[in-house]
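Going by UniProt numbering, the first residue of the sequence shown is number 1, and it counts up by one from there. Glycine residues also receive a C-beta, built at the ideal position from the N, C-alpha and C atoms. Keep in mind that this is a model prediction, so the values were computed, not measured. This report concerns only the one structure given below.
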Amino acid sequence: MSTKDTAALQTAATAERIDDRTKRALEEYLTVTPDIGRARGADDLVLVTSASGKEYLVDVRGGSCECPDATHRDVECKHQIRAKMALGLAAVPAGAAEACDIDPDLGQHCDAELRFAAADGGVVSTASDEAADDVVDLSEEHGEAPIDGTCIAGHERCAGISGMYMGEFPCANCWLYAPASAHIHFHEATDNGGDL
């Protein structure tokens with residue numbers, strides 16, 4: 001058996017060990033935002049917003065989420081898992097980077113450093129240097145970010161800066177280079193439940 005075949009088998013085995021909810025928490029476009037909207041001022045509460053725009057309040061310490069999966073099945077849902085990872089309270093499982101198509105915006109709106117479990121079972125490393133490399137500095141090349149519904153970094157799932165005016169969460173690049181007016185509209189939209 002070749003080294004390539006062995007690596008493929010190890011990746012497949014790792015993928016099987018990562019449960020479906022954890023895989024969805026890592027791969028789906030979920031944005032975790034502490035201290036915004038209903039989570040404002042609460043240390044243990046965050047909002048998790050899906051690509052569809054649905055927003056769920058997650059209590060990361062108490063272990064609850066208001067989504068149907070957590071409410072009706074009494075399980076740790078993908079929103080809870082994503083929130084814990086984004087806040088550095090739980091590590092991304094060992095081998096997940098190889099086995100999953102991890103959302104590049106994981107943890108982008110949180111101040112905590114992502115943690116990754118090591119394959120040896122105990123050592124956890126942070127991604128502070130890697131995370132900084134994921135944000136593309138386009139300000140010198142493009143000046144102020146465009147407000148035309150496109151993402152400045154080319155992310156397909158980002159509504160761009162224009163989405164901020166409607167309360168949609170942008171990627172980290174659009175967030176960083178958005179004009180102050182976009183941030184004001186974004187906070188007004190999320191604080192008022194989307195009613196501008």
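Start and end residues, beta strand (DSSP E) containing residue i
i: Y56; result: 55 to 59
Residue i versus residue j - alpha carbon distance
i: R82; j: V32; result: 8 Å
i: A39; j: A99; result: 32 Å
i: K23; j: P93; result: 10 Å
i: A182; j: Y165; result: 6 Å
i: I36; j: F186; result: 10 Å
i: L57; j: A180; result: 26 Å
i: T190; j: E168; result: 8 Å
i: Q108; j: A86; result: 8 Å
i: R157; j: S52; result: 10 Å
i: E130; j: E188; result: No answer about E130 holds up, because its pLDDT of 47 lies below 50 and its placement is not dependable.
i: T150; j: Y177; result: 13 Å
Option in the options with minimal Cα separation from residue i
i: D20; options: A182, A91, E76; result: E76
i: D101; options: R61, G62, G88, A25; result: A25
i: N173; options: C67, S64, I161; result: I161
i: E27; options: S50, A178, G63; result: S50
i: Y97; options: Q80, R115, C110, G88; result: Sequence check: residue 97 is Ala here, not Tyr. Taking only the C-alpha atoms, the option nearest A97 is R115.
i: P68; options: G163, R61, H79; result: H79
i: A117; options: A91, D111, P170; result: A91
Range covered by the alpha helix (DSSP H) that runs through residue i
i: T190; result: 180 to 191
i: C165; result: A small fix is needed here, since residue 165 is Tyr in this sequence, not Cys. Taken as a continuous stretch (DSSP letters only), Y165 belongs to no alpha helix (DSSP H), as it is neither H nor E.
i: A83; result: 78 to 86
i: A25; result: 20 to 27
i: L176; result: 172 to 177
Residues sharing a beta bridge with residue i, DSSP
i: P34; result: V46
i: S64; result: D59
i: V92; result: F116
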